[in-house]
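Beneath this line is the structure, given in structure tokens, with notes to follow.
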Amino acid sequence: MVHQTSLHDLVQMDSPEAVLDEVLIVLRLISPDYHVDPVTDAFMTMVDLYEGRYPGYQACNVEYHDL
518 MVHQTSLHDL VQMDSPEAVL DEVLIVLRLI SPDYHVDPVT DAFMTMVDLY
568 EGRYPGYQAC NVEYHDL
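Throughout the sequence shown, residue numbering follows this note's numbering, covering 518 to 584 in sequence.
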């Protein structure tokens, strides 16, 4: 029997910080010189928007759109 690993077994999917850390690891594996600042900025903006910390927006409370 083959054991299949799911993404949620590899990354703590309920932690935006853990997801970002994994994304940055993958990007740096692709290229050690990868400029990750734009990715980090976009990711953190999305988290702020989702959690209601972005001006003019309320937090998202729809469970199937969780971070």
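Think of the CB as a built atom: it goes at the ideal place given N, C-alpha and C, for glycine as much as any other residue.
Cutoff 6 Å; reference residue i; Cβ partners in own chain excluding five residues on either side
i, result
"Tyr-571", "Asp-565"
Span separating the alpha-carbon of residue i from that of residue j
i, j, result
"Glu-534", "Gly-573", "23 Å"
"Asp-531", "Leu-537", "11 Å"
"Pro-549", "Ser-523", "26 Å"
"Glu-580", "Tyr-567", "12 Å"
Neighbourhood of residue i by C-beta, 8 Å cutoff - its chain only, sequence neighbours within 5 removed
i, result
"Val-528", "Ala-535, Val-536 and Glu-539"
"Arg-545", "Tyr-551 and Val-553"
Anticipated Cβ contact below 8 Å, residue i with residue j, distance rounded
i, j, result
"Ala-559", "Gly-569", "No, Ala-559 and Gly-569 are not in contact; Cβ-Cβ is about 18 Å, not under 8 Å."
- Message: Threshold first: 4 residues or longer. Then list the alpha helix (DSSP H) segments lying entirely within the stretch 532-581, N to C.
- Response: DSSP runs (the alpha helix (DSSP H)) wholly in the stretch 532-581: 533-547 and 554-567.
- Message: When you compare the stretch 527-541 with the stretch 553-562, are there three or more beta-carbon pairs, one atom per stretch, that lie closer than 8 Å?
- Response: Contact holds: three or more Cβ-Cβ distances are below 8 Å.
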